[in-house]
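K.L.:
Please see the structure below; I have some questions.
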Amino acid sequence: MGSFSIWHWAIVLLIVVLVFGTKKLKNIGSDLGGAVKGFKDGMKDGATDADANAATGQVANQQAAEKATIDVEAKQKS
-1 MGSFSIWHWA IVLLIVVLVF GTKKLKNIGS DLGGAVKGFK DGMKDGATDA DANAATGQVA
59 NQQAAEKATI DVEAKQKS
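Letter by letter, the sequence shown follows residues -1 to 76 in the working numbering.
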């Protein structure tokens, strides 16, 4: 089970194109690109939201809400 050569990957690519078609592959690629862009934008917004929360004191409200969480431990019956 060595590494695959370029010919193996070319055959796999050809089969994928034949099965799905170029239009569907283009749509999948654009959807994936949009998802990655949305994820990056969300990460940037999340970082700025965290900074804004710390500046306005909303972190204390979140900590108070976290104290209402009940932590339990599950034990198996004997």
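Even glycine gets a Cβ: it sits at the ideal position worked out from N, Cα and C.
Going straight from the alpha carbon of asparagine 25 to that of valine 15, what length do you get?
P.N.:
Computed Cα separation, rounded: 13 angstroms.
K.L.:
Can you give me the C-alpha to C-alpha distance between tryptophan 5 and lysine 22, rounded to a whole angstrom?
P.N.:
Going from the Cα of tryptophan 5 to the Cα of lysine 22 covers about 24 angstroms.
K.L.:
Suppose only complete runs of 4+ residues qualify. What are the alpha helix (DSSP H) ranges in the region 4 to 54, listed by chain order?
P.N.:
Complete alpha helix (DSSP H) runs here, min 4: 4 to 18 and 20 to 54.
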